[in-house]
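In mature numbering (1 follows the signal peptide of the UniProt record, and there is no 0), the protein residues as written are -23 to -1, 1 to 803.
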């Protein structure tokens, strides 16, 4: 069984009685004995699973089943007599003379039995630690040779180690079917299994059906995953595999961490297939993921030759080279009739047909396909071109350079578009469509070339006018005062002090929004009605004139939706003011660390904030004219607009790099403890990776609702990072999630992925941390996640001692002559 060892409590002709409340083992009888309802139950050796009689919901019927033993909410994972209940407590389980398990009801009538092909001399029944009930011959020392096992006859639940699919050697099909209802475990019409036609060599894929109709497809297996299941990727909870040969075709998964309890279950009532994870602290099952996920997962939603793109409006688009079969229906958002070709194929003249490559697709329904695992892609193309009915082809296995061949006949159904996952598909097109596509590309290239040329010329003209204007302004400003020349250098609109004073009601206390290391921040309104936020440099501020100028010069040149926008400044006498767009929802820390406000910020919005901060940092590190390192990224420096979109603020401590420079050092360490990277706090080294470290802390704070600074006072010396790392190693990272979030996410996978990314960002060594472009891809679900190495600041001691200095050394910095400024959060 691979991952699972054959640990067991044996049942042979020495048998036990079964019930759902206690576990009693009788080990003295070696001939046929009875197992009666209400007497005892069979428990796996590690105590994870229990076999016995149970009554579901409000029903009065009795069933023989297997359930999780240590979960207070009885969760049945397998039922023997699911459609043939016993109406009283007369249930009797026994081993008959042929060595099969037999369940008897009233008047000794057979309710259910196993049917092993081989008779055992000494039949032995075992309940394994993975929940599999097996029958084998005690004389057969090879424990793999089961005469019968419950895993071959699954009900509504797919457990770790199960196989879902076909065994051609014994003509066995393993598939799931939902319970009819909460009270009735009989087979519903909501089913899930692997489908293929062995004789026709069709491409196998997993399909959910509602009755006889297809309801959802995973897409065919391509060697790495199902092409329509982008969420099926390496993760910390489970591994998965697919076997496809002449003897078997099946899908399976195995839990990596035995302390995690997870199952896949079919739900007839909601018509979803869910992966659930047991959360011990809350005593509930949490969804990890579920399908269908959206409209595009509904089978054939866009009809034949339609492409479902969930980010488009409308979501259904015809494939290039096709048009709606019914334009009227299409306009009315009825896409059921699908699309037809613009131009018919010239099937009998192979020279007039070709293929167009479509990327990142969920491959079409594989019902009308043909597979050959030994062909290469060129041979596959020729094979398709030689058949008038062949509409598309691709590799059957995309690992490495790709191998194998699969071709489609007839219309292409149930295609959807992904941003970066999915697979390439080569669709047959008439030569006229291919030439049209080439012509369109030429026109586009010409338009782009002309646009670039015009843009360059216009840019040169504008640059000339700008230079001329700057020269004139410079000549005019030679005679102005020192303050005026300073103001002009800052390249920002200038506000007069009376204007700002009026807008803020003379810097009234009632207008004060908060206070940071720079000084107080006031809310104001200009004469035209525009709301503003005004930062006023305090005389006692740890940030002085240099930081003030630095922030103006930097932020005036930055334009990004996730960076706060500066409107102007004011320098008059001792007054130094910055004028920003007003953020009505203030700063992020006022939400995630507040018991009341935290309830407002549900998971979709928190994920949007995480993603927005990541995009803002990506712009600073890679896409802006200068490489900018913020050096003080924290929750109080992330502001939220009216739609709760995040905007990074406070660039007083930021540093710029030119060209390819990515690292610097300083003798004055400034920032906020709890967010500073170790190499910066201890050695004064800062880089884009020190911002990445701060981002990782921020992600963990957003998910947990706990402050990084001071976390260890209530958690036995562990920092927030150390706590998250420990939970991940124990497979319990879901315990980190803020209690306010636990009812607001549909898929735990996205939350756990963010925790994983946060821990990748806070690794001890800067080299190990990802850059922000990689982080954005990871957050998009478009990149596999490596396992994080141990983080920096694992415990309180690490914060103060680091690798090479004591508390006093860090504070005094006597070893490297640095001065340290701690910037308090607002």
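All residues carry an ideal CB built from backbone N, CA and C; glycine is no exception.
- Task: Counting only the same chain and skipping the five closest in sequence on each side, list residues whose C-beta sits under 6 Å from that of residue 654.
- Result: In the chain shown, counting from the first residue as 1, residue 654 sits at position 677. Hits under 6 Å: 667 and 670.
- In terms of alpha-carbon separation, which member of 700, 626 and 616 lies closest to residue 606? For the purposes of this step, residue 606 is identified with residue 629 of the chain shown, where counting begins at 1. Minimum Cα distance to residue 606 is reached at 626.
- Query: How many angstroms separate the CA atom of residue 577 from the CA atom of residue 562?
  - Reply: The sequence position of residue 577 within the chain shown is 600, counting from 1. The sequence position of residue 562 within the chain shown is 585, counting from 1. The straight-line gap from Cα to Cα measures roughly 12 Å.
- Environment of residue 700 [buried if 16+ CB atoms lie within 10 Å]: The sequence position of residue 700 within the chain shown is 723, counting from 1. Classification of residue 700: buried, given that the 10 Å Cβ count is 16 or more.
- Message: What residue range does the beta strand (DSSP E) around residue 51 cover?
- Response: Here the question's residue 51 lines up with position 74 in the chain shown. Residue 51 -> no beta strand (DSSP E), and no H or E assigned at all.
- Contacts around residue 42, its chain only, beta-carbon distance under 7 Å, and the 5 residues preceding and following it disregarded: Locating residue 42 in the chain shown gives position 65, where the first residue counts as 1. Result list for residue 42: 31, 53, 55, 56 and 57, in chain order.
- Message: Give me the residue from 129, 165 and 154 with the minimum Cα distance to residue 148.
- Response: In the chain shown, counting from the first residue as 1, residue 148 sits at position 171. Here the closest residue by C-alpha is 129.
- Classification of residue 357 by the beta-carbon crowding that lies within 10 angstroms, buried from 16 upward: Here the question's residue 357 lines up with position 380 in the chain shown. The residue in question, residue 357, is buried, as its Cβ has 16 or more Cβ neighbours within 10 Å.
- Beta carbon of residue 315, beta carbon of residue 353: below 8 Å? Here residue 315 is taken as the residue at index 338 of the chain shown, counted from 1. Here residue 353 is taken as the residue at index 376 of the chain shown, counted from 1. No, they are not a contact pair.
- DSSP state of residue 80 mapped onto helix, strand, coil: One-based indexing of the chain shown puts residue 80 at position 103. Reduced to three states, the DSSP call for residue 80 is strand.
- Message: I'd like the span of the beta strand (DSSP E) that includes residue 668, first residue to last.
- Response: Taking the first residue of the chain shown as position 1, residue 668 is located at position 691. First-last for residue 668: 665 to 681, but that is the alpha helix (DSSP H), not the beta strand (DSSP E).
- Could you give the C-beta distance for residue 686 and residue 650, rounded to a whole number, given that I count them as a contact under 8 Å? For the purposes of this step, residue 686 is taken as residue 709 along the chain shown, with counting starting at 1. For the purposes of this step, residue 650 is taken as residue 673 along the chain shown, with counting starting at 1. Right, the Cβ-Cβ distance comes to about 6 Å (below 8 Å), so this counts as a contact.
- Locate the beta strand (DSSP E) running through residue 26, then write down its first and last residues. Working through the chain shown from its first residue, we reach residue 26 at position 49. First-last of the beta strand (DSSP E) with residue 26: 26 to 31.
- Message: Out of 496, 741, 768 and 552, which one is the CA nearest neighbour of residue 475?
- Response: Position 498 of the chain shown, counted from the start, is the residue given in the question as residue 475. Here the closest residue by C-alpha is 552.
- Message: Please classify residue 162 as buried or exposed, where buried requires at least 16 other C-beta atoms within 10 Å of its C-beta.
- Response: Your numbering for residue 162 matches position 185 in the chain shown. Under this definition residue 162 is a buried residue.
- Collapsed DSSP secondary structure at residue 324 in the structure displayed: Looking up residue 324 in the chain shown gives position 347. Residue state, collapsed to three classes: coil.
- Message: Taking 8 Å as the threshold (C-beta atoms), are residue 345 and residue 386 in contact?
- Response: Start at 1 with the first residue of the chain shown, and residue 386 comes out as number 409. Start at 1 with the first residue of the chain shown, and residue 345 comes out as number 368. Result yes, Cβ atoms of residue 386 and residue 345 sit closer than 8 Å.
- Since residue 508 sits in a beta bridge, which residues does DSSP pair it with? Along the chain shown, read from residue 1 onward, the residue named residue 508 stands at position 531. Answer is 502.
- Alpha carbon of residue 195 to alpha carbon of residue 204, nearest angstrom: Residue numbering aside, residue 195 sits at position 218 when the chain shown is read from its first letter. Residue numbering aside, residue 204 sits at position 227 when the chain shown is read from its first letter. Approximately 7 Å between the Cα atoms of the pair.
- Go ahead and pull the three-state DSSP assignment for residue 45. Residue mapping note: residue 45 aligns to position 68 of the chain shown, counting from 1. It is a strand residue.
- Message: I want to know whether the segment 174 to 181 touches the segment 75 to 87 - three or more CB-CB distances under 8 Å.
- Response: no
- Task: Please classify residue 435: is it buried, with 16 or more other beta-carbons within 10 angstroms of its beta-carbon, or exposed?
- Result: Stepping through the chain shown from its first residue, residue 435 is reached at position 458. Flag for residue 435 reads exposed.
- Task: Counting only the same chain and skipping the five closest in sequence on each side, list residues whose C-beta sits under 6 Å from that of residue 596.
- Result: Taking the first residue of the chain shown as 1, we reach residue 596 at position 619. So the qualifying residues of the chain are 537.
- Query: residue 768 to residue 736, Cα distance in whole Å?
  - Reply: The residue labelled residue 768 in the question sits at position 791 within the chain shown. The residue labelled residue 736 in the question sits at position 759 within the chain shown. For residue 768 and residue 736, the distance between alpha carbons rounds to 7 Å.
- Query: What's the call for residue 614, buried or exposed, on a 16-neighbour Cβ count within 10 Å?
  - Reply: Stepping through the chain shown from its first residue, residue 614 is reached at position 637. Buried.
- Message: Let's test the definition: count the other Cβ atoms within 10 Å of the Cβ of residue 782 and tell me whether it reaches 16, buried, or not, exposed.
- Response: Here residue 782 is taken as the residue at index 805 of the chain shown, counted from 1. With a pLDDT of 35 at residue 782, under the threshold of 50, the modelled position of this residue cannot be trusted; read the value that follows with caution. Per the 10 Å Cβ criterion, buried.
- Task: May I ask you to list the residues that DSSP assigns as paired with residue 371?
- Result: The count along the chain shown starts at 1 and reaches residue 371 at position 394. DSSP lists 383 as partners of residue 371.
- Best match in 506, 505, 525 and 504 for proximity to residue 514 [C-alpha to C-alpha]: Start at 1 with the first residue of the chain shown, and residue 514 comes out as number 537. Looking from the CA of residue 514, the closest CA among 506, 505, 525 and 504 belongs to 525.
- Exposed or buried, what is residue 175 when buried is set at 16 or more other beta-carbons lying within 10 Å of its beta-carbon? In the chain shown, the residue the question calls residue 175 occupies position 198. It counts as exposed.
- Task: Could you pull out every residue in the same chain whose Cβ sits closer than 7 Å to the Cβ of residue 722, ignoring the five residues on either side in sequence?
- Result: Walking along the chain shown from the start, residue 722 turns up at place 745. Once the five neighbours on either side are set aside, the close Cβ partners of residue 722 are 580 and 728.
- Message: Need the endpoints of the alpha helix (DSSP H) that residue 729 sits in, please.
- Response: In the chain shown, residue 729 corresponds to position 752, counting from 1. Its alpha helix (DSSP H) spans residues 725 to 738.
- List the endpoints of the continuous alpha helix (DSSP H) containing residue 809. Only positions -23 to 803 of the chain appear in this structure, which leaves residue 809 out of reach.
- Compute the Euclidean distance between the alpha carbons of residue 492 and residue 498, then round it to the nearest angstrom. Translated into positions along the chain shown, residue 492 becomes position 515. Translated into positions along the chain shown, residue 498 becomes position 521. Cα to Cα, the separation comes out at about 6 Å.
- Query: What do you get for residue 372, buried or exposed, if any count of 16 or more other CB atoms within 10 angstroms of its CB means buried?
  - Reply: As a working note, residue 372 is residue 395 in the chain shown. Buried, by the Cβ-count rule.
- CA nearest to the CA of residue 696, picked from 439, 340 and 770: The residue labelled residue 696 in the question sits at position 719 within the chain shown. Nearest to residue 696 by alpha-carbon distance, out of 439, 340 and 770, is 770.
- Task: Measure from the alpha carbon of residue 660 to the alpha carbon of each residue in 743, 725 and 622, then state which is nearest.
- Result: Reading the chain shown from its first residue, position 683 is the one you call residue 660. Looking at the Cα atoms, 743 is the closest of the given residues.
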